[in-house]
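S.K.:
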Amino acid sequence: MEKLPAVTIVIPAYNEGAAVIATAKALEATLSSLSIEGQVLFVDDGSTDDTPVHLSACGVDFVRHTSNRGYGAALMTGILNAKHDMIVITDSDLTYPVDSLPELLEKALAFDMVVGARQGRFYHGSFLKRVLRIIFRLLVEFATGRVIPDINSGFRVFRRSDVLPLRRVIANGFSFTTTITLLFLLNGKQVEYVPITYHRRAGKSHVKLLRDGLRSFQYIIEAMLAFNPIKAFLLLVFVYLFGVAAVGLAFCALNPVVFLTALVVWTTVCLIMGQAFGATSNRLSRILNLDRIVNETIQKK
Numbered sequence: 000m001e002k003l004p005a006v007t008i009v010i011p012a013y014n015e016g017a018a019v020i021a022t023a024k025a026l027e028a029t030l031s032s033l034s035i036e037g038q039v040l041f042v043d044d045g046s047t048d049d050t051p052v053h054l055s056a057c058g059v060d061f062v063r064h065t066s067n068r069g070y071g072a073a074l075m076t077g078i079l080n081a082k083h084d085m086i087v088i089t090d091s092d093l094t095y096p097v098d099s100l101p102e103l104l105e106k107a108l109a110f111d112m113v114v115g116a117r118q119g120r121f122y123h124g125s126f127l128k129r130v131l132r133i134i135f136r137l138l139v140e141f142a143t144g145r146v147i148p149d150i151n152s153g154f155r156v157f158r159r160s161d162v163l164p165l166r167r168v169i170a171n172g173f174s175f176t177t178t179i180t181l182l183f184l185l186n187g188k189q190v191e192y193v194p195i196t197y198h199r200r201a202g203k204s205h206v207k208l209l210r211d212g213l214r215s216f217q218y219i220i221e222a223m224l225a226f227n228p229i230k231a232f233l234l235l236v237f238v239y240l241f242g243v244a245a246v247g248l249a250f251c252a253l254n255p256v257v258f259l260t261a262l263v264v265w266t267t268v269c270l271i272m273g274q275a276f277g278a279t280s281n282r283l284s285r286i287l288n289l290d291r292i293v294n295e296t297i298q299k300k
């Protein structure tokens with residue numbers, strides 16, 4: 000195995016209790032076995048239980064949010080406070096196998112991001128979660144033109160220097176992993192997937208399917224508008240044509256006046272959405288250009 004670079008492992012934690020102790024010990028043991036310099040960095044995202052007490056007892060580095068700001072915001076705080084450029088993200092709920100970390104790190108030497116693609120019966124979840132996951136995967140595959148085995152795995156390796164220029168368009172919530180996948184691929188980054196076994200979660204999930212699903216959809220569309228707006232507008236055209244067909248089937252046989260009224264309403268809605276898409280695309284382009292100029296200026300200094 001080629002010598003691995005120093006890494007910072009970022010772990011967001013929100014009301015995880017004593018589970019953080021087992022996670023910290025497992026990660027420290029893995030880093031020790033690899034004989035590489037590493038930092039285990041927890042981000043307590045405003046926990047209201049005894050999670051901060053257990054983190055203090057572990058003796059690991061940790062940063063604390065005074066209030067709950069979301070999964071993505073916690074990860075970004077960890078990335079900004081990381082000592083090393085190579086970043087590993089994982090969860091504090093014992094679902095991701097730390098024994099797969101050496102393989103991910105080795106592949107990260109040749110790729111911009113390496114993702115643990117989850118396998119096993121504990122990965123699939125409820126019927127609604129499966130449906131939402133399929134929809135989001137199809138959207139991202141449509142935008143990137145690539146098959147994606149696992150769109151929102153929370154076990155991945157990437158470089159801090161690749162993420163910082165994108166931080167203003169990366170989601171603060173549970174959509175972080177979905178949007179970072181999309182942004183890397185749309186920016187021509189090389190992303191590799193490694194199959195991993197997904198374990199049973201310790202504790203209760205904090206994901207709200209409807210709320211977080213809608214936010215994920217929003218961030219996917221925003222990422223498409225920022226880096227591949229043609230695909231976003233093509234998607235809107237498909238939605239419009241599907242709606243026209245649905246309106247025709249539903250109302251044409253009833254009354255021509257009702258059909259025409261429904262058609263005009265649907266067309267107006269899609270036109271307004273198109274205007275919103277255009278405005279959003281322009282705004283995101285200005286933000287990204289400004290960030291690029293700032294980052295280039297900082298690097299020159």
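Under numbering that gives the first Met the number 0, read the sequence shown as residues 0 to 300, first letter to last.
All C-beta atoms, glycine included, are put in the ideal place defined by N, C-alpha and C.
So, G71 versus S174, is the Cβ gap smaller than 8 angstroms?
M.R.: Within the sequence shown, residue 71 is the residue found at index 72, counting from 1. Within the sequence shown, residue 174 is the residue found at index 175, counting from 1. Yes, the Cβ-Cβ distance between G71 and S174 is below 8 angstroms.
S.K.: R145 to R132, Cα distance in whole Å?
M.R.: By 1-based counting over the sequence shown, the position of residue 145 is 146. By 1-based counting over the sequence shown, the position of residue 132 is 133. Straight-line Cα distance between these residues: approximately 16 angstroms.
S.K.: Are at least three pairs of beta-carbons, each pair with one atom in the region 51 to 65 and one in the region 83 to 92, less than 8 angstroms apart?
M.R.: no
S.K.: Let me know if A275 comes out buried or exposed under the rule of 16 or more other beta-carbons within 10 Å of its beta-carbon.
M.R.: Numbered from 1 along the sequence shown, position 276 holds the residue referred to as residue 275. With fewer than 16 other Cβ atoms inside 10 Å of its own Cβ, A275 counts as exposed.
S.K.: Quick check: the Cα distance between A222 and H198, rounded to an integer number of angstroms?
M.R.: As a first step, residue 222 must be located in the sequence shown, where it is residue number 223. As a first step, residue 198 must be located in the sequence shown, where it is residue number 199. If you take the alpha carbons of A222 and H198, they lie about 30 angstroms apart.
S.K.: Of the choices V139, T94 and F110, whose alpha-carbon is the least far from that of Q118?
M.R.: Taking the sequence shown and counting its residues from 1, the one referred to as residue 118 is at position 119. Nearest in C-alpha terms to Q118, of all of V139, T94 and F110, is T94.
S.K.: Terminal residues of the continuous alpha helix (DSSP H) containing D49?
M.R.: Locating residue 49 in the sequence shown gives position 50, counting from the first residue. Counting along the chain, D49 falls outside any alpha helix (DSSP H), and DSSP gives it neither H nor E.
S.K.: Hey, how far is the Cα of P101 from the Cα of L33?
M.R.: Here residue 101 refers to the residue found at position 102 of the sequence shown. Here residue 33 refers to the residue found at position 34 of the sequence shown. If you take the alpha carbons of P101 and L33, they lie about 7 angstroms apart.
S.K.: Give the range of the beta strand (DSSP E) segment to which D98 is assigned.
M.R.: Looking up residue 98 in the sequence shown gives position 99. In the DSSP annotation of this structure, D98 is not part of any beta strand (DSSP E), being labelled neither H nor E.
S.K.: Can you give me the C-alpha to C-alpha distance between V270 and P96, rounded to a whole angstrom?
M.R.: Position 271 of the sequence shown, counted from the start, is the residue given in the question as residue 270. Position 97 of the sequence shown, counted from the start, is the residue given in the question as residue 96. A quick correction: the sequence has Leu, not Val, at residue 270. About 47 angstroms.
S.K.: Mapping the DSSP letters down to three states, classify Q274 as helix, strand or coil.
M.R.: Position 275 of the sequence shown, counted from the first residue, corresponds to residue 274. Reduced to three states, the DSSP call for Q274 is helix.
S.K.: Name the one or two DSSP bridge partners that P11 has.
M.R.: Taking the first residue of the sequence shown as 1, we reach residue 11 at position 12. Its beta-bridge partners are V42.
S.K.: Kindly give me the distance between the Cβ atoms of I219 and F157, rounded to whole angstroms, as I take these residues to be in contact under 8 angstroms.
M.R.: Sequence index remark: in the sequence shown, residue 219 carries index 220 (1-based). Sequence index remark: in the sequence shown, residue 157 carries index 158 (1-based). The beta-carbon distance between I219 and F157, rounded to whole angstroms, is 19 angstroms. This is too long to meet the 8 angstroms contact definition.
S.K.: Name the DSSP bridge partner or partners of H53?
M.R.: Along the sequence shown, one-based indexing puts residue 53 at 54. Under DSSP, no beta-bridge partner is assigned to H53.
S.K.: Measure the beta-carbon distance from D44 to N67 and round it to whole angstroms, keeping in mind my assumption that it falls under 8 angstroms.
M.R.: Taking the sequence shown and counting its residues from 1, one reaches residue 44 at position 45. Taking the sequence shown and counting its residues from 1, one reaches residue 67 at position 68. D44 to N67, Cβ: 5 angstroms. Contact.
S.K.: At what residue ranges does the region 111 to 186 contain a whole run of the alpha helix (DSSP H), taking only runs of 4 or more?
M.R.: Counting only runs of 4 or more residues that sit fully inside the region 111 to 186, the alpha helix (DSSP H) segments are 120 to 123, 126 to 143, 159 to 162 and 175 to 185, in chain order.
S.K.: In terms of alpha-carbon separation, which member of V168, P164, R155 and T47 lies closest to Y192?
M.R.: One-based indexing of the sequence shown puts residue 192 at position 193. Nearest of V168, P164, R155 and T47 to Y192, Cα basis: R155.
S.K.: Which stretch, first to last residue, makes up the alpha helix (DSSP H) that contains T22?
M.R.: Indexing the sequence shown from 1 puts residue 22 at position 23. T22 -> alpha helix (DSSP H) spans A18 to L33.
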